[in-house]
Amino acid sequence: MTDDRPTDATVVDVRRRLGEAVAPVVVGAGPVLDALVVALAVGGHVLLEGVPGVAKTLVAEATARALGARFRRAQFTPDMLPSDLTGTMTLRDGDLTFRPGPVFTNVLLADEINRTPPKTQAALLEAMGEGQVTVDGSPRRLADPFLVVATQNPIEYEGTYPLPEAELDRFLMKVEVGYPTEADEAALLRLARRGLAPAALGEVRPIVAPDAGGETVGAVAALVAALRAEVDQTTVSDEVGAYLLAVIRRTRELPSVEVGASPRAGVHLLAAAKGTARLAGRGFVTPDDIVEVAPAVLRHRLVLRAEAELERFRPDDAVAAAIAAVSVPR
Ligand SMILES: Nc1ncnc2c1ncn2[C@@H]1O[C@H](COP(=O)(O)OP(=O)(O)OP(=O)(O)O)[C@@H](O)[C@H]1O
Ligand SMILES: [Mg+2]
């Protein structure tokens, strides 16, 4: 371990330095980076939803490199087993030894999470919820930080297994990754490439300093601990807390909504709002922080009534309706 613990390990600085580090590789990654930094700072996980080819994988990989964090990618397939993710006990020289699966990392890209059956999804959810996995009956701790970036395609093909509501509720945020703006798309076409891949991906340098052994894992853990402490110290006035509570409870009363936001969703919204305040360089939460982050925190947790879906009402419309129905504290 080195003692050159970053002095600028604040949410604002880490976000800025990550943005600079990935800029040569991915264009327009701002909203995803915001979500990843907030998730790291509160110990949450992120679901990215978007059609193929909008850089979901690229931004996750580039961000992990920029953090200096260990990164693994698991492609979720219909025949994937829980042990493909968690690891297996193998016999070596007459001894049973544990061979860790890809879940033993800092940043796990769970690609196309809705292509694997529920049993394997459930193994990932134990990891996300408890920070551990059970292999052969014994629990094993995961790394800290442990950030799952899951991706899914919005179009439900045949042979997909949509995540059940209870499992979606474990994701701090769902970010919809759309097509780039015309300017961003022009810029990404101008990026230097080696073949099809961005030339600079291998050159994305960690924002943390390596220790004497060239490892950055310890520094990443220290950095993330600093972010967590900063977010935990963010204050929420009684009025703003009451506003958040009213928005959450309102989602349960909307005529368009069958199942509203859970108490867990409220906890997640409060944490994400604190992280959002810190991203803006503030030490206290405003109603605007809640309004800004509420769609990403709530959209995947609301179950709409069939009639509302038929009328093309969307979860984001329900979130907007809940916010519109609650008066903002002055
Ligand atoms: N915003 C962007 N900035 C830079 N390159 C981009 C961007 N969007 C797409 N690309 C290019 O498109 C390629 C595909 O991106 P990527 O594999 O990350 O997409 P994806 O969203 O993960 O797709 P899939 O759903 O098929 O896995 C990238 O390797 C990159 O070359
Ligand atoms: Mg991908």
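Add 327 to a position in the sequence shown, counting from 1, and you land on the number used in this note's numbering.
Ideal placement from N, C-alpha and C gives every residue a C-beta, glycine not left out.
From a predicted model like this one, the values you see are computed outputs, not experimental measurements.
Am I right that G587 and T578 are in contact with their C-beta atoms under 8 Å? What's the rounded C-beta distance?
Stepping through the sequence shown from its first residue, residue 587 is reached at position 260. Stepping through the sequence shown from its first residue, residue 578 is reached at position 251. Confirmed, Cβ separation roughly 4 Å.
What number of angstroms, rounded off, separates the C-alpha of A382 from the C-alpha of E512?
In the sequence shown, counting from the first residue as 1, residue 382 sits at position 55. In the sequence shown, counting from the first residue as 1, residue 512 sits at position 185. A382 and E512 have their C-alpha atoms roughly 11 Å apart.
Using 8 Å as the cut-off, classify the Cβ of D615 as near or not near the heavy atoms of ligand 2, replying yes or no.
Numbered from its first residue, the sequence shown carries residue 615 at position 288. No, the Cβ of D615 stays beyond 8 Å of every heavy atom of ligand 2.
Three-way DSSP call (helix, strand, coil) for R392 in this model:
Against the sequence shown, residue 392 aligns to sequence position 65. For R392, the secondary structure class from DSSP, reduced to helix, strand or coil, is helix.
Which class does Q560 belong to by DSSP, given the choice of helix, strand or coil?
In the sequence shown, the residue the question calls residue 560 occupies position 233. Coil.
Cβ pair G355, A514 closer than 9 Å
Locating residue 355 in the sequence shown gives position 28, where the first residue counts as 1. Locating residue 514 in the sequence shown gives position 187, where the first residue counts as 1. In this structure, A514 lies closer than 9 Å to G355 by Cβ.
Any chance the CB of R520 is under 8 Å from a heavy atom of ligand 1?
Numbered from 1 along the sequence shown, position 193 holds the residue referred to as residue 520. Result yes, Cβ under 8 Å from ligand 1.
Here's the rule: buried if 16 or more other CB atoms are within 10 angstroms of the residue's CB, otherwise exposed. What is F611?
Residue mapping note: residue 611 aligns to position 284 of the sequence shown, counting from 1. So F611 counts as exposed.
Can you tell me whether E530 is helix, strand or coil according to DSSP?
Mapped onto the sequence shown, residue 530 falls at position 203. If DSSP states are grouped into helix, strand and coil, E530 belongs with the helices.
For ligand 3, list every residue whose C-beta falls under 6 Å from any of its heavy atoms, going in chain order.
The ligand content of the structure shown is limited to ligand 1 and ligand 2, which means ligand 3 is not among them.
Would you identify the three-state DSSP class for R626, choosing helix, strand or coil?
As a working note, residue 626 is residue 299 in the sequence shown. DSSP places R626 in coil when its eight states are reduced to three.
Short Cβ contact (9 Å threshold) for L469 with L367:
As a position in the sequence shown, residue 469 is number 142, starting the count at 1. As a position in the sequence shown, residue 367 is number 40, starting the count at 1. Not closer than 9 Å, so no.
I think P349 touches A393, with their Cβ atoms under 8 Å apart; what is that distance to the nearest whole Å?
Locating residue 349 in the sequence shown gives position 22, where the first residue counts as 1. Locating residue 393 in the sequence shown gives position 66, where the first residue counts as 1. Looking at the sequence shown, residue 349 is not Pro but Val. With 8 Å as the limit, V349 and A393 qualify as a contact, their Cβ atoms being about 5 Å apart.
Apart from the five residues on each side of it in sequence, which residues of its chain come closer than 7 Å, Cβ to Cβ, to K501?
Walking along the sequence shown from the start, residue 501 turns up at place 174. For K501, where only same-chain residues beyond five positions count, the Cβ hits under 7 Å are L374, E376, A623, R626, H627.
Using beta-carbon positions only, say whether V492 and A449 come within less than 9 Å of one another.
Residue 492 sits at position 165 when you count from the first residue of the sequence shown. Residue 449 sits at position 122 when you count from the first residue of the sequence shown. Correcting the residue identity first, residue 492 is Glu in this sequence and not Val. It is not a contact, given that the beta carbons lie outside the stated cut-off.
Taking 9 Å as the threshold (C-beta atoms), are T603 and D340 in contact?
Within the sequence shown, numbered from 1, the residue matching residue 340 stands at position 13. Within the sequence shown, numbered from 1, the residue matching residue 603 stands at position 276. Going by C-beta atoms, D340 is not nearer than 9 Å to T603.
If I follow the unbroken beta strand (DSSP E) through E376, where does it start and stop?
Counted from its first residue, the sequence shown places residue 376 at position 49. Run containing E376: 373–376, per the beta strand (DSSP E) assignment.
How many Å lie between L523 and V359 at the Cα?
Here the question's residue 523 lines up with position 196 in the sequence shown. Here the question's residue 359 lines up with position 32 in the sequence shown. In a straight line, the C-alpha of L523 is about 22 Å away from that of V359.
What is the DSSP secondary structure of G357, counted as helix, strand or coil?
Reading the sequence shown from its first residue, position 30 is the one you call residue 357. Reduced to three states, the DSSP call for G357 is helix.
The alpha helix (DSSP H) enclosing L637, as first and last residue numbers
What you label residue 637 is simply residue 310 of the sequence shown in a count that begins at 1. DSSP places L637 in the uninterrupted alpha helix (DSSP H) bounded by 633–637.
Could you tell me which whole alpha helix (DSSP H) segments of length 4 or greater appear in the segment 390–434?
409–413
Can you tell me whether E638 is buried or exposed, with buried defined as 16 or more other CB within 10 angstroms of its CB?
Here residue 638 refers to the residue found at position 311 when the sequence shown is read from its first residue. Counting Cβ neighbours within 10 Å, E638 comes out exposed, since fewer than 16 surround it.
Taking Cβ positions, are L490 and I440 nearer each other than 9 Å?
For the purposes of this step, residue 490 is identified with residue 163 of the sequence shown, where counting begins at 1. For the purposes of this step, residue 440 is identified with residue 113 of the sequence shown, where counting begins at 1. Yes. Within cutoff.
I'd like to check one pair, V584 with A645: are the Cβ atoms closer than 9 Å?
Taking the first residue of the sequence shown as position 1, residue 645 is located at position 318. Taking the first residue of the sequence shown as position 1, residue 584 is located at position 257. Closer than 9 Å, so yes.
One question on the structure: do L408 and M416 come within less than 9 Å of each other, judged by their Cβ atoms?
Taking the first residue of the sequence shown as 1, we reach residue 408 at position 81. Taking the first residue of the sequence shown as 1, we reach residue 416 at position 89. Not in contact: L408 and M416 (Cβ atoms no closer than 9 Å).
Counted within 10 angstroms of its Cβ, other Cβ atoms place T404 as buried (16 or more) or exposed
As a first step, residue 404 must be located in the sequence shown, where it is residue number 77. Exposed: under 16 other Cβ atoms inside 10 Å.
Is P358 near ligand 1, going by C-beta to nearest heavy atom under 8 Å?
Along the sequence shown, read from residue 1 onward, the residue named residue 358 stands at position 31. No, the Cβ of P358 stays beyond 8 Å of every heavy atom of ligand 1.
Per-residue burial, Q560 [other beta carbons within 10 Å of its own, 16 or more giving buried]
Against the sequence shown, residue 560 aligns to sequence position 233. Result: exposed.
Going by the C-beta, is A524 closer than 8 Å to any heavy atom of ligand 1?
In the sequence shown, the residue the question calls residue 524 occupies position 197. It does: the Cβ of A524 is within 8 Å (strictly closer) of some heavy atom of ligand 1.
Candidates Q479, L516, Y488, A539: closest to E503 by CA position:
Residue mapping note: residue 503 aligns to position 176 of the sequence shown, counting from 1. Checking every option, the nearest Cα to that of E503 belongs to Q479.
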